[in-house]
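For reference, the structure is listed below as structure tokens.
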Amino acid sequence: MTASSSSSITKYGKVLPIAGLLCFVGAMTLDYIHKGSLSLPQGADLNGRKKEDGSSSSYSSIQEKASRPLEHDSLFDYEGTNIATLENSVEAITARLQPRRLQLEENKAISHQILHLHNMKTGGTSIDKRLNCAIKRMSADYNVTIPRYNIHECWRRVYRECMANSTNPCRQEIKDAAVMSFCGPLQNVEMLGWAGQDRPEVAVVTMLRHPVERVWSQYKYQLSNCYRCKNLTFVYELFDSGDWPGYDNLCMSHLKDKQVRNLVSRDLPADATDEERVNDAIANMKSKFTLVGITEQMEATEALLVNAFPWLDGQLERSNASCTMQHTNKSPRNNGCIIDRATKQMMHMPVLQHPDNETRRVIEEHNQLDMKLYEAALQHFEVLKQAIGYKG
């Protein structure tokens, strides 16, 4: 394990399909695509336990349900034990979830500290917003620079060129980043040197969601751009036929076992069986991720996140900035699926909040591997909550 830096801090997102818009999140600018190197004096207290006015921080209120205190003297070196090699026991998970202080060289965070593996429509944009808010707060109130980098598989050309070309400028920014959000498969992150046995010091975080709700959310979010305002059952008929002219391949790939495909290892054989794939994804979830959040249990997920990374607390001492977990990247209010013949305006086509029984059945039928992963994730999440003493 990597020892703490000599200057670490003490205590503490009928219309023709538009390719490339699958992951449009409103703030898709170059500043969002590329790193946001946003800049505590040494020794500053970032515990977030009490503000100077005596009020409790958001973490404190959440942790009324937890028994273990926040303070911890080490960052990645838990008495010389490599937690990546421990069994998946409560004790090992408790070790992984020990509060991790930022590692600094002077007033700049060193590279490879937190990786967010962003699964589409699981609440990942909310995690990214929380990270971005905390990074800006560190810059403004504590004079700490935290280099970060975001990249998304749906930024087609940018993502493709970055993955294919080792000399692409993105590679240096990825190498320098202390925090990275990566929307794509784990195997590509491993290829970039941000996960796996070579990087046990990286804290890897992801979110998982019930497959039916994730697919339905994806469908509503990209109803016009990806799915041409058609019923999802019809889109699945096209999917099963293997022939979908006018539909984008990446859009269609999100309809079947996307969460398992994002969590399988780089070394998994191409001809692996479905059972091998889901077992590999479950094993990776338990061994390679510091924290796996559940969309349907966001309060507990926030408690785990703040427990592991105290500088992400809602409020910190010496800062008036609040960072909250907000529901972002919602489905559009106007999906543009109805065209008013008189005005030629594109209007909203109402969509059910949850799929009907037949649509639910079809989604489940096409996401059996994701269903197994999600069931395992729920069991694992209970162990994570037990490890920090969460009582919610």
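Residues in the sequence shown are numbered consecutively from 1366, following the working numbering. By construction, the Cβ of each residue, glycine as well, lies at the ideal position given by its N, Cα and C atoms.
A distance of 7 angstroms or more separates the beta carbons of histidine 1477 and valine 1570. When the alpha-carbon of tyrosine 1612 is set against those of Ser1491, Lys1595, Ser1531 and Asn1515, the nearest one is in Lys1595. The alpha carbon of leucine 1738 has as its nearest neighbour, out of Val1455, Leu1573 and Thr1459, the alpha carbon of Leu1573. Using a 10 angstroms sphere on the CB of lysine 1756, the tally of other CB atoms stays under 16, which defines it as exposed. Between the alpha carbons of asparagine 1644 and asparagine 1614 lies a gap of roughly 26 angstroms.
Around leucine 1669, the same chain offers Leu1462, Leu1656, Gly1658, Leu1749, Lys1750, Ile1753 and Tyr1755 as residues with beta carbons nearer than 8 angstroms, after the five sequence neighbours per side are excluded.
Its chain contains Asn1508 and Val1509 as the residues whose beta carbon lies nearer than 6 angstroms to that of asparagine 1472, once the 5 sequence neighbours on both sides are disregarded; these appear in chain order. Going by C-alpha positions, glutamine 1552 is about 14 angstroms away from tyrosine 1524.
Within the same chain, and ignoring the five residues on either side of methionine 1736 in sequence, the residues whose Cβ sits closer than 8 angstroms to its Cβ are Pro1576 and Glu1729. Excluding its 5 nearest sequence neighbours in each direction, tyrosine 1586 has C-beta neighbours in its own chain below 7 angstroms: Lys1486 and Ser1696, listed in chain order. With 16 or more other Cβ atoms inside 10 Å of its own Cβ, leucine 1734 counts as buried. Using a Cβ distance threshold of 7 angstroms, serine 1589 and asparagine 1700 count as a contacting pair. Pairwise C-beta distances place the region 1495 to 1503 in contact with the region 1683 to 1690, as three or more of them are shorter than 8 angstroms. Between isoleucine 1647 and the set Gln1624, Val1600 and Met1711, the nearest pair of CA atoms involves Gln1624.
Alanine 1560 places its beta carbon 7 angstroms or farther from that of arginine 1513.
The three-state reading of DSSP puts leucine 1480 in strand, counting E and B together. Beta-bridge analysis with DSSP links arginine 1513 to Val1544. About 6 angstroms separates the beta carbons of alanine 1568 and arginine 1465, which is inside the 8 angstroms limit, making them a contact pair.
Here histidine 1483 is not near serine 1531, since their CB atoms are 7 angstroms or more apart.
Under the three-state reduction of DSSP output, valine 1570 falls in the strand class. Nearest to glycine 1489 by C-alpha distance, out of Ser1606, Val1727, Thr1666 and Asn1732, is Thr1666. For valine 1643, the three-state secondary structure derived from DSSP is helix.
At a Cβ-Cβ threshold of 7 angstroms, cysteine 1519 and cysteine 1527 do not count as neighbours. Residue environment: glutamate 1664 is assigned as exposed (fewer than 16 neighbouring CB atoms within 10 Å of its CB, all protein chains considered). In the three-state DSSP reduction, methionine 1711 falls in the strand class (E or B).
Within the same chain, Trp1581 come within 6 angstroms of proline 1720 by CB-CB distance, once the 5 residues on both sides are set aside.
Lysine 1473 is bridged by DSSP to Glu1470 and Thr1510. Look at leucine 1633 here: in three-state DSSP terms it is coil, with no helix or strand label. Secondary structure note for leucine 1656: its beta strand (DSSP E) is the uninterrupted segment 1656 to 1659. Taking C-beta separations shorter than 7 angstroms and ignoring five residues to either side along the sequence, the partners of histidine 1745 in its chain run Met1650, Lys1651 and Val1657, following chain order. Per the C-alpha coordinates, the member of Lys1540, Arg1522 and Glu1661 positioned closest to leucine 1743 is Glu1661. A straight line joining the alpha-carbon of valine 1600 with that of glutamate 1566 spans about 42 angstroms. Here asparagine 1732 really is in contact with aspartate 1622; their C-beta atoms are around 6 angstroms apart, less than 8 angstroms. Nearest Cα to isoleucine 1539 within the set Val1629, Gly1558 and Arg1725: Gly1558. Rounded to the nearest angstrom, the Cβ distance from valine 1544 to isoleucine 1492 is 11 angstroms, too far for a contact under 8 angstroms.
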